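Residues in the sequence shown are numbered from 0 upward in steps of one, following numbering that gives the first Met the number 0.
Backbone N, C-alpha and C define an ideal beta-carbon position, used for all residues, glycine too.
Please read all numbers here as calculations on a predicted model, not as lab measurements.
Before any comments, here is the structure.
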Amino acid sequence: MLKKVFFRKNTEMKQSMSKNDLDLGKLPQHVGIIMDGNGRWATGKGLIRTSGHKAGANTVKSILNTCIKLNIPVLTVYAFSTENWKRPISEVNFLMSLFSSFLAAQIDELSENNVRIKFIGRIDELPNNLAKEFHRAEDITKNNTGVKFNVAINYGGRDEIITAVKNIAQQVKDGSLSVEQIDDKIFEDNLYTQNLPPVDLMIRTSGDMRLSNFLLWQSAYAEFWFTKTNWPDFTPEEFIEALIDFQHRDRRFGGLDNK
Ligand code: FPP
């Protein structure tokens with residue numbers, strides 16, 4: 000059950016809003032999540048690490064459903080980094096097949112819920128048929144107009160930036176772009192997140208407080224929210240707590256007020 004929510008535009012209701020209520024008129028436009036703590040969740044229960052990832056997939060579903068209910072425009076989750084290849088091969092293989100089975104099980108519901116899915120990262124370098132399956136899901140949902148759900152797999156923020164720099168340098172070399180034309184917009188057009196709003200709220204579960212190479216450019220002015228809860232135990236209620244906390248941040252973007 001979601002917490003009681005109030006609509007900002009309804010003046011009567013606004014008067015009765017307290018600091019603990021979610022203001023649907025002031026939601027983040029883009030939420031990023033570093034889904035950490037699956038391994039710790041599992042070992043804490045005497046289970047093998049991979050059962051933590053399996054449980055984590057259920058949390059992905061419930062948080063995505065909350066974004067759908069609340070109409071949060073963009074959700075980007077960090078599922079596998081360019082550094083995660085250092086893990087034991089058995090865990091890597093488990094994760095790859097989990098991504099594949101999650102997609103197969105969820106694609107119809109994603110479509111029905113008007114979700115547009117996109118995979119960001121070096122997708123074409125993934126093993127087996129994964130790239131094909133991911134591109135197929137992107138294609139099936141490409142005309143959906145609801146929540147944009149980005150799944151970062153084989154993703155690294157520095158790698159994304161270097162790739163953008165190379166693309167831009169190539170365009171300058173070809174003569175299709177001048178050095179003077181390079182600005183934030185041109186740069187963003189060369190990122191995986193082109194045409195998406197910047198990250199407003201970045202959540203990381205399980206206690207560590209770092210960005211770990213996730214959405215480096217896009218998080219320039221993000222508000223950060225950390226919890227000790229491991230990802231499999233992260234609930235819609237706690238997600239809403241993070242949203243409410245976000246709504247009370249004083250975002251000045253380098254200015255003197257947030258107007
Ligand atoms: C970090 O926890 C988590 C990952 C590297 C994998 C995230 C994957 C999922 C949540 C599975 C489902 C995802 C989708 C999109 C279906 P960790 O294993 O590093 O935790 P630890 O720090 O406790 O070891």
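Please determine whether the Cβ atom of residue i lies at a distance below 7 angstroms from any heavy atom of the ligand FPP.
i, result
"G230", "The sequence shown places Trp at residue 230, rather than the Gly named in the question. Checking the Cβ of W230 against the ligand FPP gives yes."
"A136", "no"
"S110", "no"
"L46", "no"
"A78", "yes"
"M34", "yes"
"V150", "yes"
"S205", "yes"
"H52", "yes"
"V178", "no"
"N83", "yes"
"N37", "yes"
"V114", "no"
"V146", "no"
"G55", "yes"
"V59", "yes"
"L94", "yes"
"F245", "no"
"L97", "yes"
"F238", "no"
Can you check which of these residues, the options, is closest to residue i by C-alpha distance?
i, options, result
"D188", "S175, S80, N166 and G206", "N166"
"N212", "I71, G45 and G156", "G156"
"G145", "L125, L63, T49 and T234", "L63"
"V73", "T192, W224, E179 and L94", "T192"
"P27", "M208, R48 and Y220", "Y220"
"I71", "T49, D22, L129 and W224", "D22"
"F260", "L214, T234, F245 and P126", "Past the edges of the chain, shown from 0 to 258, lies residue 260, and the structure says nothing about it."
"L94", "N112, R203 and L125", "L125"
"I25", "I243, V59 and N112", "Per the sequence presented here, residue 25 reads as Lys, with Ile not at that position. Per the Cα distances, I243."
"N127", "N142, K147, S96 and I119", "S96"
"A103", "S50, H247, L129 and P235", "L129"
"S17", "G254, L255 and H247", "H247"
"G120", "D158, W40 and L210", "D158"
"K60", "P235, R250 and A241", "P235"
"N19", "R203, D183, F101 and A241", "A241"
"D138", "I88, K117 and K147", "K117"
"N194", "S99, R39, K147 and G254", "K147"
For residue i, which residues does DSSP report across the bridge?
i, result
"H134", "According to DSSP, H134 bridges with nothing at all."
"Y77", "I33 and A151"
"D232", "D232 is not bridged to any residue."
"I202", "I32 and W224"
"I119", "A151"
Measure how close the beta-carbons of residue i and residue j come, nearest whole angstrom, since I'm counting them as under 8 angstroms.
i, j, result
"I263", "W216", "Examination of residue 263 is not possible in this model, given that the chain is present from 0 through 258 alone."
"S205", "G45", "Contact doesn't hold; Cβ gap of about 18 angstroms is too wide."
"E90", "R48", "6 angstroms"
"T140", "V178", "Wrong, their Cβ atoms sit about 37 angstroms apart, outside the cutoff."
"F238", "T65", "6 angstroms"
"F225", "R203", "5 angstroms"
Count Cβ pairs between the region 69–79 and the region 148–157 that sit closer than 8 angstroms; are there 3 or more?
Between the region 69–79 and the region 148–157 there are three or more C-beta pairs closer than 8 angstroms, enough to call the two in contact.
The region 131–138 touching the region 156–171, judged by at least three CB pairs closer than 8 angstroms
The region 131–138 is not in contact with the region 156–171.
I'd like to know if the region 166–180 and the region 193–200 are in contact, where contact means that at least 3 CB-CB pairs between them fall below 8 angstroms.
Counting C-beta pairs with one atom in each stretch, the region 166–180 and the region 193–200 have fewer than three that are closer than 8 angstroms, which means they do not touch.
Can you find at least 3 beta carbon pairs, one from the region 220–238 and one from the region 53–65, that sit closer than 8 angstroms?
yes
Examine the Cβ distances between the region 28–43 and the region 101–119 and report whether three or more of them are shorter than 8 angstroms.
no
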